[in-house]
Amino acid sequence: MPPRNDHELARDFAESAGALLVQVRGRTFADASARKGAGDAESHRFLSERLGELCPDDAVLSEEGADDAARLDADRVWIVDPLDGTREFSEPYRTDWAVHVALWERGELAAGAVAIPAEGLTLHTGEAPALPAAVDAPVRLAVSRSRPPALVQDLAAQLGGELVPMGSAGVKAMAVVRGQADAYVHGGGQYEWDSAAPVAVARAAGLHTSRLDGTPLRYNQPDPWLPDLLICRPELADRLLAAIAEMPREAAPSRPSHGGAH
Ligand SMILES: Nc1ncnc2c1ncn2[C@@H]1O[C@H](COP(=O)(O)O)[C@@H](OP(=O)(O)O)[C@H]1O
Ligand SMILES: [Mg+2]
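The UniProt record's numbering puts the sequence shown at residues 1 to 262.
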């Protein structure tokens, strides 16, 4: 059935790019570095073509594409990460990688989808799952498996919580939506495409989303660097924000050079 609205469009884009990535992964199974390059490039090309075909009047901000300043005057901008968790995609048998497709419309995220193709799962803003009931147990913090920020390790120690390491910003945010973790706390660097779709889906599911200082996450900014975020169950937001405010400030991280939109 053809998509009826922007939520379903976002879901279809993410799901079909994910299906393509599953094929790329199979084809390049023996060569991790070829797999990374082919995954990023082929998913980006596919999404650019589909967006151009189905939404020709909308602007696009993609991790793998050249940034076009025209997006700053556009009413609708698709913010996409064609392959989030590229490192995990390149490792055999891991399932923690994702495709992010979000739609920003006149100042706010209007729709979004996160596909986790290796699990055959796509979560989207048109049909966000109900949050599992809260349980009285140590807080579980989803955290990067390859570069866990010191802030999150200190926070877990302070709260008596547990770290749940995994790859991909989308997979971590969806772990909170799915009840596999209670919060995703990130500091030290990221771009808009890493969090736009995950944040859209998390909001639709009723989660708290903000910067680490509690201020709103803003998208389609001139500079897409958006270095920190908190996504958590709503009943934990005040406690986590208060604890984060007490943490010693880390030195500003050096910003990595970026070969795509920046
Ligand atoms: N300090 C940092 N600076 C820039 N990007 C970062 C970052 N830490 C994490 N990211 C990005 O956030 C995504 C999730 O990372 P992680 O799995 O380590 O939590 C990755 O996206 P990509 O895979 O699209 O590059 C990664 O590049
Ligand atoms: Mg990413």
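Glycine residues also receive a C-beta, built at the ideal position from the N, C-alpha and C atoms.
| query | result |
| --- | --- |
| Tell me whether the beta-carbon of G65 lies closer than 8 Å to the beta-carbon of S48. | yes |
| Of all the options R233, R211, L212, which has the alpha carbon lying nearest to the alpha carbon of A175? | R233 |
| How big is the Cα-Cα spacing for W225 and Y191? | 4 Å |
| Could you tell me which of Q158, A200, R203, S144 sits nearest to G187, measuring between CA atoms? | S144 |
| Let me confirm a value: V101 is counted as buried when at least 16 other C-beta atoms fall within 10 Å, else exposed. Which label applies? | buried |
| With C-beta atoms as the reference, is S195 less than 8 Å away from L217? | yes |
| Under the assumption that A115 contacts L103 (Cβ atoms under 8 Å), give the Cβ distance between them as a whole number of angstroms. | 15 Å between Cβ atoms; not a contact. |
| Name the residue from E235, F46, A19 whose alpha carbon lies nearest to the alpha carbon of D136. | E235 |
| Given this structure, state the Cα-to-Cα distance separating A169 from G85, to the nearest angstrom. | 7 Å |
| Taking the beta carbon of P117 as the centre, do at least 16 other beta carbons fall within 10 Å, making it buried, or is it exposed? | buried |
| Start and end of the beta strand (DSSP E) containing M174? | No beta strand (DSSP E) holds M174; the alpha helix (DSSP H) holding it covers 169-177. |
| Where does S62 fall in DSSP's three states? | strand |
| Go to R76, then tell me how far its beta strand (DSSP E) extends in each direction, as first and last residue. | 76-84 |
| From the DSSP output, in three-state form, read off P149 for me. | coil |
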